[in-house]
Amino acid sequence: MMIFNRSLSRRGFMKTGMAATAAGGLAGLYSAQAAQDAHAAQDAHADHATRDTQAAQDTQADQENRDPVGDENPYLALRNSPTPLIMDALTRLGFDRTRLAMSRAVRPMFPARGTIAGPAVTTKYEESDIPTTRDDIRAHVFRPVDEAGPGSIWVTASGTTEILSMFGDVIVLSCRQQGLSGLVTDGGCRDIGGMEEVGLPVYAAGTCLYGPGSVIRPVASNVPVTCGGIEISPGDVVAADVNGVMAFPAEALTEVIQKIGELEEKETRSRRAIEEGLPLETAYEF
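Everything in the sequence shown is counted per the numbering used here, starting at 6 for the first residue and increasing by one.
Right, here's the structure in full:
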């Protein structure tokens, strides 16, 4: 627009009333268009935010639908809490946080929506020179998924530092159909696009185009495993979100939920005080 106006000035057109009127009309048109573009951008941003909010709500609703106990489900409180808050509650109760938090290498394979939480079902792999058989897969991969209770989280311990694909989108689809809340592995996975379309949260240490082959084989299921540097037993509580993955004994669940409530009240008071203008030293409650 500036180049157009300079061109008009050099030709002397801007000195005439008609040209000035035309320029003013063009300026008005450009201003109107700019305003329309700005409104369109705001609408698009609002629509995107609405979709993100709805996606988070849908994920929460999906998890609730996977659990048969409804409002009495003890995991609902965890699913409404970020994992750092859950970890703070456990720390206050005397747990060693370094034994509860998985390696930072285990992360969401696509954007995480809220917190998943549920009892662990496990599969254990080990390095082996013995080829994996179909019976191995049936017993220690298919069966744990098929027999998992609604809301469970399938934890697959790879037994190796090598990143290999432990599962793909077809198995993730089956987990969703069985009512699981998510999958966690310290190995890799593949078919990420397909997994994201399925919509079930997946946490892994990376991606790999190929499976375990003859490097590792599944040797047991629903036994204690070491995954991502921490020990997890069947039935342990697993929680995961964008911050990371953690696990703790199920017998602590009631106390953890109570402590989360106390910490949430403290955080609410601290936030309110900060918003009211109080200095951090005064507002923050330890």
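The beta carbon of each residue, even a glycine, is placed where N, CA and C say it ideally should be. It should be emphasised that the depicted structure is a prediction, and the values quoted were computed from it without experimental measurement.
Determine the direct distance from the alpha carbon of Gly233 to that of Thr103, and round the result to whole angstroms. Taking the first residue of the sequence shown as position 1, residue 103 is located at position 98. Taking the first residue of the sequence shown as position 1, residue 233 is located at position 228. C-alpha separation (whole angstroms): 12 Å.
From Glu167, Gly218 and Ser238, pick the residue whose C-alpha is nearest to that of Thr137; which is it? Within the sequence shown, numbered from 1, the residue matching residue 137 stands at position 132. Thr137 has its Cα closest to that of Gly218, out of Glu167, Gly218 and Ser238.
Whole-angstrom distance between Leu169 and Ile197, CA atom to CA atom: Numbered from its first residue, the sequence shown carries residue 197 at position 192. Numbered from its first residue, the sequence shown carries residue 169 at position 164. Rounded to the nearest angstrom, the two C-alpha atoms are 14 Å apart.
6 Å CB neighbourhood of Phe115 in its chain, flanking five on each side removed: In the sequence shown, counting from the first residue as 1, residue 115 sits at position 110. Counting only Cβ-Cβ distances below 6 Å, and skipping sequence neighbours, we find Glu201.
Hey, could you find the ends of the beta strand (DSSP E) Tyr179 is sitting in? Along the sequence shown, read from residue 1 onward, the residue named residue 179 stands at position 174. Per the sequence shown, the amino acid found at residue 179 is Ser instead of Tyr. It is not in any beta strand (DSSP E) - Ser179 instead sits in the alpha helix (DSSP H) that spans Asp174 to Gln182.
What are the residues that DSSP puts in a beta bridge with Phe253? One-based indexing of the sequence shown puts residue 253 at position 248. BP columns for Phe253 point to Val242.
Let me know the secondary structure DSSP gives Arg112 once reduced to three states. Locating residue 112 in the sequence shown gives position 107, counting from the first residue. It is a strand residue.
Going by DSSP in three states, Glu167 sits in which element: helix, strand or coil? By 1-based counting over the sequence shown, the position of residue 167 is 162. Looking at Glu167 - three-state DSSP - the assignment turns out to be coil, as it is neither helix nor strand.
Using the three-state DSSP reduction, which class does Glu131 fall into: helix, strand or coil? Reading the sequence shown from its first residue, position 126 is the one you call residue 131. Glu131: strand per DSSP, three-state reduction.
Find out if the Cβ-Cβ distance for the pair Tyr130, Gly173 is shorter than 8 Å. Here residue 130 refers to the residue found at position 125 when the sequence shown is read from its first residue. Here residue 173 refers to the residue found at position 168 when the sequence shown is read from its first residue. Not closer than 8 Å, so no.
Does the separation of the CB atoms of Val250 and Val146 fall below 8 Å? For the purposes of this step, residue 250 is taken as residue 245 along the sequence shown, with counting starting at 1. For the purposes of this step, residue 146 is taken as residue 141 along the sequence shown, with counting starting at 1. Not a contact, by the Cβ cut-off of 8 Å.
State buried or exposed for Phe291, treating a residue as buried only when at least 16 other CB atoms are found within 10 Å of its CB. What you label residue 291 is simply residue 286 of the sequence shown in a count that begins at 1. The residue in question, Phe291, is exposed, as its Cβ has fewer than 16 Cβ neighbours within 10 Å.
Just to confirm the assignment, what range does the beta strand (DSSP E) spanning Ala209 have? Position 204 of the sequence shown, counting from 1, holds the residue named residue 209. Where Ala209 is concerned, the enclosing beta strand (DSSP E) stretches over Val207 to Ala209.
Within the 8 Å Cβ cut-off, does Arg195 reach chain D? Of the protein chains in this structure there is only one, and it is not chain D.
Distance between beta carbons of Val242 and Pro124, contact taken as under 8 Å: Sequence index remark: in the sequence shown, residue 124 carries index 119 (1-based). Sequence index remark: in the sequence shown, residue 242 carries index 237 (1-based). The pair is a contact, with the Cβ atoms about 7 Å apart (cut-off 8 Å).
Here's a check: name, in chain order, each residue in its chain whose Cβ is nearer than 8 Å to the Cβ of Thr287, leaving out the five neighbours to either side. The residue given as residue 287 occupies position 282 in the sequence shown. Answer for Thr287: Ala278, listed in chain order.
Closest to Asn248 by CA distance: which of Glu77, Leu81, Ser86 and Ala82 is it? Locating residue 248 in the sequence shown gives position 243, counting from the first residue. Answer by Cα proximity: Ser86.
When you compare only the Cα positions, how much space is there between Leu285 and Leu258? Mapped onto the sequence shown, residue 285 falls at position 280. Mapped onto the sequence shown, residue 258 falls at position 253. If I take the Cα positions, the gap works out to 32 Å.
Could you tell me the distance, in whole angstroms, from the CA atom of Pro113 to the CA atom of Gly211? Residue mapping note: residue 113 aligns to position 108 of the sequence shown, counting from 1. Residue mapping note: residue 211 aligns to position 206 of the sequence shown, counting from 1. Computed Cα separation, rounded: 9 Å.
Count the other CB atoms within 10 Å of the CB of Leu283; is the residue buried (16 or more) or exposed (fewer)? Taking the sequence shown and counting its residues from 1, one reaches residue 283 at position 278. Looking at its Cβ environment, which holds fewer than 16 other Cβ atoms inside 10 Å, Leu283 is exposed.
Which residue's Cα is closest to the Cα of Arg84: Ala162, Asp246, Lys271 and Ile135? The sequence position of residue 84 within the sequence shown is 79, counting from 1. Cα-wise, what sits closest to Arg84 is Asp246.
For my contact list, Met107 and Ile235 are in at a C-beta cut-off of 8 Å; report their separation, rounded to the angstrom. On the sequence shown, residue 107 is found 102 positions in, with the first residue counted as 1. On the sequence shown, residue 235 is found 230 positions in, with the first residue counted as 1. Between Ile235 and Met107 the Cβ distance is about 6 Å, and since that is below 8 Å, they are a contact.
If Pro206 sits next to Ile121, beta carbons under 8 Å apart, how far is it from one beta carbon to the other, in whole angstroms? Counting from one through the sequence shown, the residue named residue 206 turns up at place 201. Counting from one through the sequence shown, the residue named residue 121 turns up at place 116. Right, their Cβ atoms sit about 5 Å apart.
Find the nearest neighbour of Gly119 within the set Gly99, Ala94 and Pro89, judged by alpha-carbon distance. Looking up residue 119 in the sequence shown gives position 114. Checking every option, the nearest Cα to that of Gly119 belongs to Pro89.
Kindly identify the DSSP beta-bridge partner or partners of Cys213. As a first step, residue 213 is located in the sequence shown; it is residue number 208 there, counting from the start. Its beta-bridge partners do not exist; DSSP assigns none.
If you draw a straight line from the alpha carbon of Thr161 to that of Cys180, how long is it in whole angstroms? Position 156 of the sequence shown holds residue 161. Position 175 of the sequence shown holds residue 180. The alpha-carbon atoms of Thr161 and Cys180 are separated by roughly 13 Å.
Cut-off 8 Å between Cβ atoms - residues of its own chain near Pro229, not counting five sequence neighbours on either side: Sequence index remark: in the sequence shown, residue 229 carries index 224 (1-based). These residues qualify, in order along the chain: Thr127, Glu236, Ile237, Ser238 and Pro239.
Output yes or no for whether 8 Å exceeds the beta carbon distance between Ser157 and Leu185. Taking the first residue of the sequence shown as position 1, residue 157 is located at position 152. Taking the first residue of the sequence shown as position 1, residue 185 is located at position 180. A contact, by the Cβ cut-off of 8 Å.
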